[in-house]
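Report on one structure; see the data block that follows.
Number of protein chains: 2
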Amino acid sequence: MRATTIHAPGDIRFEEVPDPVIEEPTDAIVKVVAGCICGSDLWPYRGANDIDAGSTIGHECVGVIEEVGSAVKDFKPGDFVIVPFCHCDNTCAHCVAGVQAACENLGFTASGQGEYSRVTQADGSLVKTDGMPDASLIPSLLTLSDVMATGWHAAVSAGVKPGGTTVVIGDGAVGLCGVLAAAQLGAERVVAMSRHEPRQAIARAFGATDIVAERGDEGGARIAELTKGVGADSVLECVGTDESMKTAFAIARPGSTVGFVGVPHGVELPVRRMFQKNVGLAGGMAGVRRYLPDLLERVLSGSIDPGKVFDLTLPMAQSAEGYRAMDERRAIKVLLQP
Amino acid sequence: MRATTIHAPGDIRFEEVPDPVIEEPTDAIVKVVAGCICGSDLWPYRGANDIDAGSTIGHECVGVIEEVGSAVKDFKPGDFVIVPFCHCDNTCAHCVAGVQAACENLGFTASGQGEYSRVTQADGSLVKTDGMPDASLIPSLLTLSDVMATGWHAAVSAGVKPGGTTVVIGDGAVGLCGVLAAAQLGAERVVAMSRHEPRQAIARAFGATDIVAERGDEGGARIAELTKGVGADSVLECVGTDESMKTAFAIARPGSTVGFVGVPHGVELPVRRMFQKNVGLAGGMAGVRRYLPDLLERVLSGSIDPGKVFDLTLPMAQSAEGYRAMDERRAIKVLLQP
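In order, the protein sequences belong to chains A and B.
Residues in the first sequence are numbered consecutively from 26, following our numbering.
Residues in the second sequence are numbered consecutively from 26, following our numbering.
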C-alpha cells in the first residue's frame, strides 16, 4: 500500500510500504476513508521527538473494515468504523475503570495517513456506525478518533461542570475541541486564548464566549479581570509546553484542576504553586474509547460539529504539503483522503 | 511572654519575646493550653528553609480566648478554641469554595509553641467547644489545628471513597492521620508504608489493614502484589520529598489521584508518567477550617482519637528537647504544655 512516512525532521513522504496484516486473532485491518494530521505529529516533524527513519506516521483515521482476525466477533468486512488512536481491550481493570489509555493490551494506530491501518483489539477499540455515513459527516467522525475525544478528556479532567468559567489554552484543533467540550458540558463562560482570527472564529462557533489574545502575564491579567480576581474554575491545557503549563497554573483558581492533554515537552510543573494554591493537575493521554459512544451520538444527532477544525483537505499523496501547512500555521488541521 | 524561638538550624530556645497584641479589630489573642511540634517545623530546624533568626516558631495550638478585637462577634474571653494553623475569613470566594488555605485574608499562627498566640480573622478561623473540654480530649483537639486536618485533606484530595485500596506514604503524624482519614472515609484496604514498629502500631490502631515496610522499587513491588498489578486506587503523599513523590506516582493506578500534603522540597513531578498513566495530583496546604466542624464532631463523639500520634509530652520550656526527639525520630510528635 501507499502510506505517509517520516524519514527525518521535515522529511515526509508518501510511498509504498508493506501492507499491514492480521498479526493477532484480535486484529482488524481497516481501509482508510479519511485520515488526518495531528498537532502531536509536528513534534517529530520539528525534530522534538526521536524518529525511526522511514516509519509510517499518522494515528487518526476512520474507514471500512477490510479483514478481521479469527477472534473478532463484533465487526465484519464492510463495517464503517471510527478507529481510536489508542487501541484497548475494553475489558481489563483499567478499561473498566474508564482509563482505556492505560489498557493492559494497549496498541496504537500506526498508518492512519496511509491506505490501510491495522487495529489491535478490534472488538474493544472500534465503534461502528449503522451503514455508511453521509460524506458530510466524515470530518466530524474523523475527529472522534483523537482530537475531539482529547479535547473532551481535557474538559472532563479539568472537572468542567455546568456554570462557571473555563479557560482553554491552545488554539490548535485540540484546544478548539476543548472549547466545544466545555460548552457542551455546560460551562457558562468559555474563554479561548487565541491570537489567530480564523481560530477565534471557530472557537466562537464552538461556544467560546470570550477570546483572550494576550499571552503570558498579560493573558493572566486579562483572565484575572474576567474572573474578578478569583481565577478560572477550570483550565484546559492543550499545548504541552512549559509556558502554556505555567499560564494554566497562573490563571486557575485555588482548588481547581488543570486538565492537560498536550503531550508534555520540557514541562517543569510548578509544584510549590500547586501546593500553595491547591491547584491540581489531571488528564493525560485520552482513552478515546471511553468517550466514543457518547461523542458519536452527539455527532450523529447534530449537536456537535467538530469537523469544523479541518480547514484544509488534501489527497493523501500530498501529505507532505499538509505537514508544511500545519507547521507554518497556514492550516489548523489537515484532512487527508486516499 | 515566653515562647519557642529558632535562631539557626538546630538552635531552638524558649525565651522572653514581646506579647502578641490585637493589631486588627478582627484579631483575637489565645492563651495556649497545648501546642505541638509539626514535621514541617523540622525543615528549618534541619536547615532546609530560611530562618529569620530569633523568630517564634510553632503553628499548632488550642487554647482559651484571652482578648478579642472590636470586630470579633462570635468569640469572647474564656472560650476554648481550636486554632487552625492557617487563618481565614471564611467568607471570601476561595473560602466559600472550600479552599480556606487560599483565603484572601490568609494568616498564620506564629507562636503556637508559646504562652500566647495571635489569631487573625478570629470569627472566620476559630471553632470553639461547649465549655472547657476534658483534659483527656486535649491531644485529639490539638491535632485538629493542623495534623489531623492535613491528613484528612490528603485523603479528600486523593479522592478516597468507600471500597478500594488506599496507600499512605509517610509514617509521620500526618501520614498516620492520613491512615485514620482513609479508614474513616471508607477505604476497604488501607496500606501504611512504614518501617518503624511504634508507628506501625498506631497505623493499625487508626485502621491500617496492611503494613509495607519496603521502600522505593521494593515497596512498589509489594503494592503491585497487594493490588494484583493494578495499583492503588488512591495514594496519600505525606512526606514532601522527591523520593516519596516518585513512589506515589509509581504505585498509583492509572486514572487515580495522588493527594499531596507534604510541603514539597526538591520535588520534580514526573509529568511524563502522569500523562501516560493519567495519574493526577491534588492537594496542598490544608484549609483546616473547612474540615474543622466535622472533625470536631468526630473527636467529641469518640469516633476518632487522633491524639494517639503524641508519644511524648514535654513542658514548653523543654521545646528544644522536643525538636531533638522528633529530629532523631525518637518521638513521632511532641505535645508541649505551657
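C-beta atoms are modelled at their ideal positions from N, C-alpha and C, and glycine is treated no differently.
Would you decide whether residue i is buried or exposed? Buried here means 16 or more other CB atoms lie within 10 Å of its CB.
i              : result
D155 (chain B) : exposed
S326 (chain A) : exposed
A275 (chain B) : buried
D104 (chain A) : buried
D52 (chain B)  : buried
K333 (chain B) : buried
K98 (chain B)  : exposed
P295 (chain B) : buried
E250 (chain A) : exposed
G280 (chain A) : buried
R323 (chain A) : buried
D159 (chain A) : exposed
F133 (chain B) : exposed
P223 (chain A) : exposed
H112 (chain B) : buried
H84 (chain A)  : buried
E262 (chain A) : buried
G200 (chain A) : buried
A96 (chain B)  : exposed
S269 (chain A) : buried
Suppose you measure from the CA of residue i to the CA of residue j; what does that come to, to the nearest Å?
i              : j              : result
R229 (chain A) : E49 (chain A)  : 45 Å
R354 (chain A) : F110 (chain A) : 23 Å
A147 (chain A) : E239 (chain B) : 40 Å
G284 (chain B) : P43 (chain A)  : 48 Å
R143 (chain B) : S150 (chain B) : 12 Å
A367 (chain A) : G64 (chain A)  : Nothing can be reported for residue 367 (chain A): it is not among the residues displayed for chain A, which extend from 26 to 363.
A28 (chain A)  : W177 (chain B) : 54 Å
M310 (chain B) : G256 (chain A) : 18 Å
P69 (chain B)  : I76 (chain B)  : 6 Å
F8 (chain A)   : I90 (chain A)  : Outside the displayed range of chain A (26 to 363) lies residue 8 (chain A), so it cannot be described from this structure.
A78 (chain B)  : G137 (chain B) : 17 Å
V108 (chain B) : C61 (chain A)  : 59 Å
P315 (chain B) : Y141 (chain A) : A small fix is needed here, since residue 315 (chain B) is Arg in this sequence, not Pro. Their backbone Cα atoms lie some 56 Å apart in a straight line.
V304 (chain A) : P164 (chain B) : 31 Å
V216 (chain A) : C128 (chain A) : 33 Å
D114 (chain A) : M157 (chain A) : 25 Å
S219 (chain B) : L205 (chain B) : 15 Å
I82 (chain A)  : A307 (chain A) : 28 Å
Alpha carbons only, please: which of the options is nearest the one belonging to residue i?
i              : options                           : result
L337 (chain B) : B:L361, B:L325, B:P289 and B:P102 : B:L361
G241 (chain A) : A:F285, A:I227, A:G149 and A:I194 : A:I194
V185 (chain A) : A:E213, A:D77 and A:N115          : A:E213
K271 (chain B) : B:E250, B:G245 and B:G254         : B:G245
A118 (chain B) : A:G347, A:A311, A:G254 and A:H32  : A:G254
V313 (chain A) : A:C120, A:I76, A:I31 and A:T252   : A:C120
S80 (chain B)  : B:A59, B:T30, B:M26 and B:G35     : B:T30
G188 (chain A) : A:A207, A:C202, A:G197 and A:A198 : A:A207
N130 (chain B) : B:T116, B:D352 and B:S170         : B:T116
T145 (chain B) : B:L294, B:P45, B:D352 and B:G72   : B:P45
D330 (chain B) : B:S182, B:S136, B:A198 and B:E40  : B:A198
P318 (chain A) : A:V93, A:M173, A:G200 and A:G72   : A:M173
K56 (chain A)  : A:F39, A:V93, A:D66 and A:L67     : A:V93
P102 (chain A) : A:E85, A:K153 and A:E250          : A:K153
G232 (chain A) : A:G203, A:V260, A:H221 and A:E250 : A:G203
R297 (chain B) : A:V106, A:R297, A:V286 and A:A33  : A:V286
H32 (chain A)  : A:C61, A:G72 and A:G60            : A:G72
E264 (chain A) : A:R247, A:P279, A:D258 and A:V288 : With the sequence shown as reference, residue 264 (chain A) is identified as Val, and Glu is not the correct amino acid for it. Comparing Cα-Cα distances from V264 (chain A) to each of A:R247, A:P279, A:D258 and A:V288, the minimum goes to A:V288.
G35 (chain A)  : A:P363, A:E346, A:K358 and A:V359 : A:E346
N74 (chain A)  : A:V260, A:H290, A:S328 and A:Q209 : A:H290
F300 (chain B) : A:S182, A:L167 and A:D235         : A:S182
S170 (chain B) : B:Q209, B:A180 and B:V106         : B:V106
Would you list, in chain order, the members of the segment 276-304 of chain B that have their beta-carbon closer than 8 Å to a beta-carbon of chain A?
R278, P279, G280, T282, F285, V288, P289, V292, E293, L294, V296, R297, M299, F300, Q301, K302, N303 and V304
Quick check on the DSSP output: what are the complete alpha helix (DSSP H) runs of length 4 or more inside the segment 54-131 of chain A, in order along the chain?
67-70 and 118-121
Below 7 Å between beta carbons is the criterion; list the residues of the segment 107-119 of chain B that meet it against any residue of chain A, in chain order.
A118 and H119
Completely contained beta strand (DSSP E) runs for the segment 122-176 of chain B, where each covers 3 or more residues:
141-144
What residues from the segment 127-142 of chain A come within 8 Å of chain B, judged by C-beta to C-beta, listed N to C?
A127
Identify each residue in the segment 304-327 of chain A for which the Cβ-Cβ distance to at least one residue of chain B is less than 9 Å, and report them in chain order.
V304, G305, L306, A307, G308, G309, M310, A311 and G312
Restricting to runs no shorter than 4 residues, where is the alpha helix (DSSP H) found entirely within the segment 303-363 of chain B?
313-325 and 344-352
Compile a chain-ordered list of the residues in the segment 244-276 of chain A whose CB is closer than 7 Å to at least one CB of chain B.
V255
Taking a cut of 8 Å between CB atoms, which residues from the segment 141-159 of chain A lie near chain B?
none
Completely contained alpha helix (DSSP H) runs for the segment 166-245 of chain B, where each covers 4 or more residues:
172-182, 198-209 and 222-231
Members of the segment 197-222 of chain B that neighbour chain A once the beta carbon cut-off is set at 9 Å:
none
Ignoring anything shorter than 4 residues or poking outside the segment 266-305 of chain B, list the alpha helix (DSSP H) runs there in chain order.
267-276 and 296-302
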